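So the number in my numbering is just where the residue sits in the sequence shown, counting from 1, plus 23.
Here's the structure we're looking at; comments come further down.
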Amino acid sequence: MRIVSGIQPTGQIHLGNYLGAIRRWVRMQADLGPEDRAFFFIADLHAITLPQPPGALRAATREIAAALIAAGLDPGRVLLFNQAQVPEHAELAWVLMCIARVGWLNRMTQFKEKSGRDREGASVGLYTYPVLQAADVLAYKATHVPVGEDQKQHLELARDIAARFNAEMGCDIFPLPEPTIGPEAPRVRSLRDGAAKMSKSDPSDQSRINLLDPADAIAAKIRRAKTDPLPLPETAAGLKGRPEAENLVGLLAALTGESADSICARFAGRGFAALKPVLAEAIIAELAPVALRFRELLATPEAIDAVLVEGAARARATAAATLAEVHAAIGFLKP
Ligand code: TYM
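Below, the structure is given as structure tokens:
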């Protein structure tokens with residue numbers, strides 16, 4: 024297994040990132056066999072597809088690294104780095120931009136969402152973003168890419184790009200990367216709107232639980248979380264069509280390991296006022312130790328930077344070897 028995944032250093036780390044990415048990476052690390060390798064990176068090249076104040080970008084990059092280590096990622100066992108320190112990502116992205124088709128990118132829903140009504144004013148980087156993401160995984164010949172549901176379309180594109188490159192060049196350099204979207208990583212929704220995902224870019228802080236929220240803020244956000252007036256159903260099947268209710272039950276299930284069916288059976292017939300304090304407790308119990316360790320790590324930013332430098336050097340060795348194969352397959356002269 025070659026596991027590759029990334030997270031953008033924009034805004035605050037929230038419960039969606041934690042359950043959708045960070046906690047899963049830590050669990051995958053525990054299951055690595057002796058031949059397996061895992062590459063986890065902070066996607067700073069992706070972040071600048073939208074304007075980022077330099078100071079905020081620098082701080083957020085360190086914060087994500089600290090959060091990953093605080094949650095249990097061990098830079099001795101996995102490679103942890105920031106993308107910009109591995110120039111092969113951008114270099115491979117150029118090659119892949121000559122493989123991907125404009126029609127393929129035109130189908131990407133994220134560009135439509137992020138560019139909004141000002142499509143002409145969006146950066147070209149925002150448009151070609153999914154090709155960089157393909158380069159991220161293909162540079163390491165990823166076989167497994169743990170991501171949330173929202174990244175599935177990008178991974179499908181990466182597979183199309185890999186297959187086309189292999190076919191056009193008559194080689195089999197790239198394995199087709201498999202998105203792994205586990206049931207233990209639910210799509211975490213906004214606490215204010217069941218139709219939207221929990222997101223760093225939501226203007227309402229009430230819509231998300233941030234890693235660093237104090238316990239009373241977490242309890243208050245969950246207490247105010249939107250629900251419907253119906254009581255909890257007997258089984259999880261009864262949550263269909265009730266996105267806010269499904270979200271809260273799904274969160275409790277993801278945090279405690281109890282099945283959604285069993286949670287429903289336990290609270291059946293009662294309103295969400297009964298479930299909310301239990302959920303708030305579970306979130307606080309999970310995040311509090313991570314937040315504590317996170318703060319300790321951030322006290323020595325130079326130590327975090329050193330981890331990223333070391334990770335990048337190791338990642339480069341693998342990415343440069345792939346790029347050399349790619350150059351030879353294309354017909355570029357060797358230096
Ligand atoms: P990003 O930074 O938006 O999110 C990082 C990871 O967290 C997951 N996630 C969620 N999961 C469940 N519920 C949510 N509300 C939620 N919000 C975010 C995302 O699915 C993701 O797995 N383009 C990527 C970063 C990236 C990448 C890559 C990922 C760049 N290159 C290569 C994998 C492989 C992104 O913006 O994720």
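Beta carbons: idealized from backbone N, C-alpha and C, even for Gly.
This structure is a prediction, so every number in the text was calculated from the model and none was measured.
- [ ] Evaluate the contact criterion for the stretch 130–148 versus the stretch 307–321: three or more CB pairs, one atom per stretch, below 8 Å.
- [x] no
Task: Per-residue burial, LYS244 [other beta carbons within 10 Å of its own, 16 or more giving buried] - done: One-based indexing of the sequence shown puts residue 244 at position 221. It is buried - the Cβ of LYS244 has at least 16 other Cβ atoms within 10 Å.
TODO: Quickly, what does DSSP pair ASP203 with across the bridge? List them, please.
DONE: Along the sequence shown, read from residue 1 onward, the residue named residue 203 stands at position 180. A small fix is needed here, since residue 203 is Thr in this sequence, not Asp. In the DSSP output, where bridge partners are listed per residue, THR203 has PRO169.
Task: Run of the beta strand (DSSP E) containing SER28, from where it starts to where it stops - done: Numbered from 1 along the sequence shown, position 5 holds the residue referred to as residue 28. Unbroken beta strand (DSSP E) run through SER28: 25–30.
- [ ] Check each candidate in ASN129, LEU68, ASP195, ILE36 and name the one with the smallest Cα separation from ALA351.
- [x] Within the sequence shown, numbered from 1, the residue matching residue 351 stands at position 328. Among ASN129, LEU68, ASP195, ILE36, the Cα nearest to that of ALA351 is on ASP195.
Task: GLN75 CB to nearest heavy atom of the ligand TYM below 7 Å - done: Working through the sequence shown from its first residue, we reach residue 75 at position 52. No; taking the cut-off as 7 Å, the Cβ of GLN75 has no heavy atom of the ligand TYM nearer than that.
Task: Distance cut-off 7 Å: GLN31 Cβ against heavy atoms of the ligand TYM - done: Here residue 31 refers to the residue found at position 8 when the sequence shown is read from its first residue. Yes; taking the cut-off as 7 Å, the Cβ of GLN31 has a heavy atom of the ligand TYM nearer than that.
- [ ] Would you decide whether ARG293 is buried or exposed? Buried here means 16 or more other CB atoms lie within 10 Å of its CB.
- [x] On the sequence shown, position 270 is the one that residue 293 refers to. The residue in question, ARG293, is exposed, as its Cβ has fewer than 16 Cβ neighbours within 10 Å.
Open item on the list: Taking DSSP's pairing of strands, which residues face HIS69 in a bridge?
Closed with: As a first step, residue 69 is located in the sequence shown; it is residue number 46 there, counting from the start. None, per the DSSP bridge assignment.
Task: Neighbourhood of VAL160 by C-beta distance below 7 Å, restricted to the same chain and skipping five residues each side - done: Counted from its first residue, the sequence shown places residue 160 at position 137. Contacts found: VAL27, VAL168, ALA181, PRO200.
Open item on the list: Once DSSP output is grouped into helix, strand and coil, what is the label at ALA61?
Closed with: Locating residue 61 in the sequence shown gives position 38, where the first residue counts as 1. Strand.
Task: Reduced DSSP category for LYS135 - H, G, I as helix; E, B as strand; rest coil - done: Along the sequence shown, one-based indexing puts residue 135 at 112. Looking at LYS135 - three-state DSSP - the assignment turns out to be helix.
- [ ] Would you mind reading off the limits of the beta strand (DSSP E) that contains ASN105?
- [x] In the sequence shown, the residue the question calls residue 105 occupies position 82. ASN105 -> beta strand (DSSP E) spans 102–105.
Task: Rounded straight-line distance, which links the Cα of ARG142 to that of ALA342 - done: Position 319 of the sequence shown, counted from the start, is the residue given in the question as residue 342. Position 119 of the sequence shown, counted from the start, is the residue given in the question as residue 142. The alpha-carbon atoms of ALA342 and ARG142 are separated by roughly 33 Å.
Open item on the list: Using CA atoms only, rank isn't needed, just tell me which of GLY193, GLU172, ASP183, ASN189 is closest to THR203.
Closed with: Translated into positions along the sequence shown, residue 203 becomes position 180. Closest by alpha carbon: GLU172.
Task: Contact test: HIS350 Cβ vs the ligand TYM heavy atom, cutoff 7 Å - done: In the sequence shown, the residue the question calls residue 350 occupies position 327. No - the ligand TYM has no heavy atom lying nearer than 7 Å to the Cβ of HIS350.
Open item on the list: Excluding the 5 residues flanking MET131 on each side, which residues of the same chain have their C-beta closer than 6 Å to its C-beta?
Closed with: Locating residue 131 in the sequence shown gives position 108, counting from the first residue. The residues are PRO153.
Open item on the list: To the nearest angstrom, how far is the alpha carbon of ALA303 from that of PHE64?
Closed with: As a position in the sequence shown, residue 303 is number 280, starting the count at 1. As a position in the sequence shown, residue 64 is number 41, starting the count at 1. Roughly 30 Å between the two C-alpha positions.
TODO: Tell me whether ARG215 sits in a helix, a strand or coil according to DSSP, three-state version.
DONE: What you label residue 215 is simply residue 192 of the sequence shown in a count that begins at 1. Three-state result, ARG215: coil.
Task: Any alpha helix (DSSP H) of 4 or more consecutive residues that is wholly inside the stretch 218–303 - done: 238–247, 266–279, 283–290
Open item on the list: Determine whether the beta carbon atoms of ASP67 and ASN105 lie at a separation below 8 Å.
Closed with: On the sequence shown, residue 67 is found 44 positions in, with the first residue counted as 1. On the sequence shown, residue 105 is found 82 positions in, with the first residue counted as 1. Contact: yes.
Task: Cβ neighbours of ILE36 in the same chain (closer than 6 Å, five flanking residues each side left out) - done: The residue given as residue 36 occupies position 13 in the sequence shown. Excluding residues within five positions, the ones whose Cβ falls inside 6 Å are ALA90, LEU234.
TODO: Just the C-alpha distance for PRO110 and ARG212, rounded to the nearest angstrom, thanks.
DONE: Indexing the sequence shown from 1 puts residue 110 at position 87. Indexing the sequence shown from 1 puts residue 212 at position 189. Using only the alpha carbons, I get a separation of about 34 Å.
- [ ] Compute the minimum distance between the beta carbon of ASP225 and the heavy atoms of the ligand TYM, and state whether it is under 7 Å.
- [x] Residue 225 sits at position 202 when you count from the first residue of the sequence shown. Checking every heavy atom of the ligand TYM against the Cβ of ASP225, none is found closer than 7 Å.
TODO: Compare the beta carbon distance of GLY261 and CYS287 with 8 Å and say whether it is the shorter of the two.
DONE: Position 238 of the sequence shown, counted from the first residue, corresponds to residue 261. Position 264 of the sequence shown, counted from the first residue, corresponds to residue 287. Taking 8 Å as the Cβ cut-off, GLY261 and CYS287 qualify as a contacting pair.
Task: Cβ shell of HIS112 (< 8 Å), same chain only, five flanking positions each side left out - done: Within the sequence shown, residue 112 is the residue found at index 89, counting from 1. The residues are LEU68, GLN106, LEU155, ALA158, ASP159, ALA162, ALA342.
Task: Segment contact, 8 Å Cβ cut-off, at least three pairs: the stretch 270–288 with the stretch 321–334 - done: no
Task: CB-CB length for LEU214 against ALA248, believed under 8 Å - done: Position 191 of the sequence shown, counted from the first residue, corresponds to residue 214. Position 225 of the sequence shown, counted from the first residue, corresponds to residue 248. 4 Å between Cβ atoms; contact.
Open item on the list: Does the contact criterion of 3 or more C-beta pairs under 8 Å hold for the stretch 77–96 versus the stretch 36–45?
Closed with: yes
Open item on the list: Given a cut-off of 8 Å on the beta-carbon distance, is the pair PHE295 and THR250 in contact?
Closed with: Start at 1 with the first residue of the sequence shown, and residue 295 comes out as number 272. Start at 1 with the first residue of the sequence shown, and residue 250 comes out as number 227. Result yes, Cβ atoms of PHE295 and THR250 sit closer than 8 Å.
Task: Cβ pair ILE307, ALA238 closer than 8 Å - done: In the sequence shown, counting from the first residue as 1, residue 307 sits at position 284. In the sequence shown, counting from the first residue as 1, residue 238 sits at position 215. Yes; because the gap between Cβ atoms is below 8 Å, this pair is in contact.
Open item on the list: So ALA94 and ILE30 are supposed to be a Cβ contact under 8 Å. How far apart are they, rounded?
Closed with: For the purposes of this step, residue 94 is taken as residue 71 along the sequence shown, with counting starting at 1. For the purposes of this step, residue 30 is taken as residue 7 along the sequence shown, with counting starting at 1. With 8 Å as the limit, ALA94 and ILE30 do not qualify as a contact, their Cβ atoms being about 11 Å apart.
Open item on the list: Can you check which of these residues, PRO252, PRO198, VAL49, LYS223, is closest to GLU179 by C-alpha distance?
Closed with: Translated into positions along the sequence shown, residue 179 becomes position 156. It is PRO198.
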